[in-house]
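Encoded as structure tokens, the structure appears first; notes follow it.
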Amino acid sequence: MAHSLIPPPAKMDMKGDQVFNWQFFKASWQNYLVATELDKKDTSIHVATLLTVMGKECYEVYENLPLTEEQRKSPQQILTSLGAHFDPKRNVVYKRFMFNSCKQEPKENIDTFLNRLRKLATTCNYGALLDEMLRDRLVIGVVGNSIRARLLRESSLTLQKAIDMCRSSEQAAIHLQQMDPVEAETAHFVKNKQRTQKSGKASKPPNINCKYCGKSHSKGRCPAYGTTCSKCQKRNHYAQVCQSLGKDRTKRQPQKSTQKLHQMDGDESGSDESIYTVQSKPKQQYSVELAVETPTRDLTKTIRFQLDSGATCSTMKLTDYKQLSDTPPVPPKTKLKLYNGTIIHPVGAASLRCQIKGVTRKIHFEIVEDVPSSLLSGKAAEALGLMQFAQECLVHAVTESPTQTKEQVLSEYKDVFTGLGRLPGHYHIDIDHSVTPTQNTRRRVPIPVRAELKRKLDSMTAQGTIARVTEPTKWIHNMVVVRKPNKIRVCLDPHGLN
5 MAHSLIPPPA
15 KMDMKGDQVF
25 NWQFFKASWQ
35 NYLVATELDK
45 KDTSIHVATL
55 LTVMGKECYE
65 VYENLPLTEE
75 QRKSPQQILT
85 SLGAHFDPKR
95 NVVYKRFMFN
105 SCKQEPKENI
115 DTFLNRLRKL
125 ATTCNYGALL
135 DEMLRDRLVI
145 GVVGNSIRAR
155 LLRESSLTLQ
165 KAIDMCRSSE
175 QAAIHLQQMD
185 PVEAETAHFV
195 KNKQRTQKSG
205 KASKPPNINC
215 KYCGKSHSKG
225 RCPAYGTTCS
235 KCQKRNHYAQ
245 VCQSLGKDRT
255 KRQPQKSTQK
265 LHQMDGDESG
275 SDESIYTVQS
285 KPKQQYSVEL
295 AVETPTRDLT
305 KTIRFQLDSG
315 ATCSTMKLTD
325 YKQLSDTPPV
335 PPKTKLKLYN
345 GTIIHPVGAA
355 SLRCQIKGVT
365 RKIHFEIVED
375 VPSSLLSGKA
385 AEALGLMQFA
395 QECLVHAVTE
405 SPTQTKEQVL
415 SEYKDVFTGL
425 GRLPGHYHID
435 IDHSVTPTQN
445 TRRRVPIPVR
455 AELKRKLDSM
465 TAQGTIARVT
475 EPTKWIHNMV
485 VVRKPNKIRV
495 CLDPHGLN
């Protein structure tokens, strides 16, 4: 076996949960020892390899450990001392509190939730009660009362049985959704301005339908402002309410959702960034779920993001951010400006590590209130490998050619309209010579048709469709003449052949 082809373990990650990171590095190192048979070599090679793969930051910790020269020559002593540094005496009560507070996220699958529980349970010292504690937490923290009721009805519920029941329920829900899909459209960054009027106070005048967009909205908030009509090519109104369609049109088509352009005005840099709304069509979901680390990097949450290839910055709902951290985000440096002049001030900003399909990137988010969903910009989606953009786009010009007359077309493509056409090559017909030939006597042709039939046969002979036979032949079939409007059709009676 070529040991040089085995990649070394990843270096020790000094950020985030150092206890978990050390346990992961130590387990990877032990596997690397066995795979490369490094434990069978001299201890000096063993120690040198360990110090090489642990990384610069971890090596600096090793340099400051109070170890003697003899202890620094022992790889086991080095691992023990580093373990005591990264994994000191932990607060079991707090770790168990974190475990018992863990619940399944709304869009999180059961396997991801179970992995989070197992990770939290490793620091709780449950010992022989580990499976029972995982089972109880799975029943309490699972999303959905129906599956929880099924789990509670089981008198002898084990951890594996609970996992199997949750997985089967999850798969059944997916299959039902595929059999009866719910078609819905969502529009982002559109605020609902309708408010319930309180009794005892003067009510505001009701909104009326706008003649430019056909919708009901407050003054100065028309979504058609700045758009171009697809009917008359004029601006600031929709095609559904275009006056150029005629006064006799009384019924209007149902209005479709429109894309709305939002701009980001930087307070410091002054650069404009744009965010486009995303409209999901039936049976198509342009959204992804990312594993987002908390600001302290001790936990990972799953958050759904809407993809927007035209956006130049990413936004996150405030409710999604609160799932990651209880501390407020840093003050924002930008403001959101809609196309119609409306200003939306973010409540903060945050740079978080996001992961999907093994790709991890640090994404900067603007934290926004009162929006339907979090938004992932085109640049961030490309960095995570979710989108690919063409480097070169070629647009071919289409020129209008003059209209040709019928005579010009017939003259230019004369070979297409002359004769029946003939394919190159020869076609071979297999004949069964064991069949007895059939010879039929000719049928009489009506006198009024004979002259026209003679012209038709001469034309078919000239075109090469048929050939005159002047010698005896074994097969003779009747000719069938069928009159059609302004012409006759000549064919063969294939009764003897069949």
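Numbering of the sequence shown is given in my numbering, commencing with residue 5 and proceeding in unit increments. Glycine included, every Cβ here is placed at the ideal spot set by N, Cα and C. Quick caveat, the model's predicted, so the values are computed rather than measured.
Cβ neighbour criterion (16 or more within 10 Å) applied to residue i
{"i": "Lys321", "result": "buried"}
{"i": "Gln201", "result": "Bear in mind that the predicted position of Gln201 carries a pLDDT of just 43, short of 50, making it too unreliable to give a figure here."}
{"i": "Asp462", "result": "exposed"}
{"i": "Glu297", "result": "buried"}
{"i": "Tyr431", "result": "exposed"}
Through-space distance from residue j to residue i, alpha-carbon basis
{"i": "Lys30", "j": "His50", "result": "14 Å"}
{"i": "Thr47", "j": "Gln80", "result": "10 Å"}
{"i": "Pro406", "j": "Gln412", "result": "12 Å"}
{"i": "Tyr242", "j": "Asp330", "result": "44 Å"}
{"i": "Val351", "j": "Phe369", "result": "11 Å"}
{"i": "Ala153", "j": "Cys128", "result": "27 Å"}
{"i": "Pro476", "j": "Pro489", "result": "35 Å"}
{"i": "Phe421", "j": "Ser415", "result": "9 Å"}
{"i": "Ser378", "j": "Cys317", "result": "11 Å"}
{"i": "Met464", "j": "Arg493", "result": "11 Å"}
{"i": "Leu501", "j": "Lys418", "result": "37 Å"}
{"i": "Glu293", "j": "Ser248", "result": "46 Å"}
{"i": "Val485", "j": "Lys235", "result": "57 Å"}
{"i": "Ala471", "j": "Arg447", "result": "19 Å"}
{"i": "Cys214", "j": "Lys238", "result": "17 Å"}
{"i": "Cys217", "j": "Gly230", "result": "11 Å"}
{"i": "Tyr130", "j": "Asn149", "result": "27 Å"}
{"i": "Met102", "j": "Leu133", "result": "17 Å"}
{"i": "Thr56", "j": "Thr304", "result": "29 Å"}
Near the ligand FMN: residue i beta-carbon under 7 Å from a heavy atom
{"i": "Phe28", "result": "Although the ligand FMN was asked about, the structure shown includes no ligands whatsoever."}
For residue i, the three-state DSSP class (helix, strand or coil)
{"i": "Thr304", "result": "strand"}
{"i": "Arg454", "result": "helix"}
{"i": "Asp271", "result": "Any reading at Asp271 needs caution, since the residue's pLDDT is 42, under 50, leaving its predicted position unreliable; the model's value is listed next. Asp271 falls in the coil class under three-state DSSP."}
{"i": "Phe369", "result": "strand"}
{"i": "Gly131", "result": "helix"}
{"i": "Asn213", "result": "strand"}
{"i": "Thr262", "result": "Confidence in Thr262 is poor, its pLDDT being 40 and thus under 50, which makes the residue's placement too unreliable to answer from."}
{"i": "Val292", "result": "strand"}
{"i": "Ser220", "result": "strand"}
{"i": "Ser415", "result": "helix"}
{"i": "Arg459", "result": "helix"}
{"i": "Phe103", "result": "helix"}
{"i": "Phe309", "result": "strand"}
Proximity below 8 Å, CB of residue i to CB of residue j
{"i": "Ala295", "j": "Ile348", "result": "no"}
{"i": "Ala387", "j": "Arg357", "result": "no"}
{"i": "Lys111", "j": "Thr306", "result": "yes"}
{"i": "Leu54", "j": "Trp26", "result": "no"}
{"i": "Arg122", "j": "Cys106", "result": "no"}
{"i": "Leu142", "j": "Leu118", "result": "yes"}
{"i": "Thr163", "j": "Leu124", "result": "Reading off the sequence shown, one finds Leu at residue 163, where the question assumed Thr. No, these two residues do not count as a Cβ contact at 8 Å."}
{"i": "Ser313", "j": "Gly382", "result": "yes"}
{"i": "Leu156", "j": "Ala166", "result": "no"}
{"i": "Gly20", "j": "Arg301", "result": "yes"}
{"i": "Ile82", "j": "Tyr63", "result": "no"}
{"i": "Lys339", "j": "Ala353", "result": "no"}
Opening and closing residue of the alpha helix (DSSP H) in which residue i lies
{"i": "Arg225", "result": "Element bounds for Arg225: n/a, residue is neither H nor E."}
{"i": "Leu180", "result": "Leu163 to Met183"}
N-terminal and C-terminal residue of the beta strand (DSSP E) that residue i is part of
{"i": "Gln359", "result": "Gly352 to Ile360"}
{"i": "Ile82", "result": "No beta strand (DSSP E) contains Ile82, which is instead part of the alpha helix (DSSP H) from Pro79 to Phe90."}
{"i": "Leu379", "result": "Ser378 to Leu380"}
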